[in-house]
Amino acid sequence: MSRLLWLADVARDAGLVVVEIDGWKTRGTADMELKGVINHHTAGAAHGDLPTLAALIKGRPDLAGPLCHYGLGRSGTVYVIASGKANHAGDGQWHGEDFLDSSRSMIGIEAEHTGRASDPWPEEQLEAYRLLDAAILVRIGAPVANLCGHKEWAQPPESTPNRKPDPIGIDMNRSRTDVAEMMRRIEMGDVVVPGAGEGVNAIFATPFDWAVEMGIFTEHTNPDSVVTSEEFAAFLDRYHQRVVVPNLRSAPR
Ligand SMILES: [Zn+2]
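For our numbering, count along the sequence shown from 1 and bump the result up by 51.
Set out below in structure tokens:
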């Protein structure tokens, strides 16, 4: 397996709202030998659905992008960012197995969160996190034990203990219990996701109402037909921050 070209479909099939970021099918080196999933938080800005998006794509001065395969917005929206290797984990060990070339072995999900322990996670974001984890594990045929948090992963003996806190405030043992139950439901074809099956317009009715009121859209329109994925991500971001930009197309990137 070299490139994970099913990342968008597996999330969509699970009933999640998916935004495919332009270029994801060729982003990251095509060198994946997939074993499991690592959960992260972005430690990003306090407002917006996925304000860290640009950094997740392009990386930071000290670390080349992409920095994950998926970004997970505060709304529970799944942003597909890369299908090849992503720099998200560093050296690590998990479940008694040596996964040292972690960038090749693990899918990285970066969920938007400030990283402050006092900031709660939105329930819709947690629900989407569990569902996405479960859908991936079912797809790759891995046990729930192959799901871990970065804070669990980043503790090889030679490394600094507790060098990573993410995802902050999430008890990964409890997550694995919940994800295992979700995996059973997916395998039985019995997943009920709030809003699933009603389409993207139903899920984003409130943002769209707001956009129409503000003159950003003249009517309810399927965003996929009028904007690129990055523009749509920018729209959601502005909705969460209530920033009015009259013409979406001419908005600065
Ligand atoms: Zn991390």
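Beta carbons: idealized from backbone N, C-alpha and C, even for Gly.
query: Which residue comes first and which comes last in the alpha helix (DSSP H) that contains Glu232?
result: Met223 to Glu238
message: Can you list, in chain order, the residues of its chain with a C-beta nearer than 7 Å to that of Ala140? Leave out the 5 residues immediately preceding and following it.
response: Ile89, Ser153, Ser154, Met157, Gly159, His201 and Trp204
field: Among Asp82, Arg190, Glu238 and Gly99, the one whose alpha carbon lies nearest that of Gly122
entry: Gly99
task: Please state whether DSSP places Ile108 in a helix, a strand or coil.
output: helix
query: Looking only at C-alpha atoms, which of Gly95, Ser53, Thr128 and Ala133 sits nearest to Lys109?
result: Ala133
- prompt: Apart from the five residues on each side of it in sequence, which residues of its chain come closer than 7 Å, Cβ to Cβ, to Trp305?
  reply: The chain is shown from 52 up to 304; residue 305 falls before or after that span and cannot be answered.
- prompt: Going by other Cβ atoms of all chains shown within 10 Å of its Cβ, with 16 needed for buried, is Ser126 buried or exposed?
  reply: buried
- prompt: Looking only at its own chain, which residues have a Cβ that is under 8 Å from the Cβ of Arg235, when we skip the five neighbours before and after it?
  reply: none
- request: Please work out which residues of its chain come closer than 6 Å, Cβ to Cβ, to Arg181, disregarding the five sequence neighbours upstream and downstream, and give them in chain order.
  value: Asp229, Val230 and Met233
message: Closer than 7 Å to a non-hydrogen atom of ligand 1 - does that hold for the CB of Asp142?
response: no
- prompt: Distance, Cα to Cα, Gly246 vs Val69?
  reply: With a pLDDT of only 41 at Gly246, under 50, the local geometry of the prediction cannot be trusted, and no value is derived from it.
task: Scan the stretch 94-177 and note each continuous beta strand (DSSP E) run of 3 residues or more that stays entirely inside, going in chain order.
output: 121-123, 129-131 and 157-162
- prompt: Among all residues, which have a Cβ less than 5 Å from at least one non-hydrogen atom of ligand 1, and in what chain order do they fall?
  reply: His91, His201 and Asp217
task: Ignore the nearest five residues each way along the sequence and tell me which others in Tyr130's own chain have a CB closer than 7 Å to its CB.
output: Val70, Ile72, Leu101, Leu104, Tyr121, Gly122, Gly124 and Ala284
Neighbourhood of Ala59 by C-beta, 7 Å cutoff - its chain only, sequence neighbours within 5 removed: Val69, Glu71 and Val131
message: Just to check my reading of the structure: Ile191 and Leu85 have Cβ atoms closer than 8 Å, yes? What is that Cβ distance to the nearest angstrom?
response: 6 Å
query: Name the DSSP bridge partner or partners of Ile72?
result: According to DSSP, which records beta bridges pairwise, Ile72 is partnered with nothing at all.
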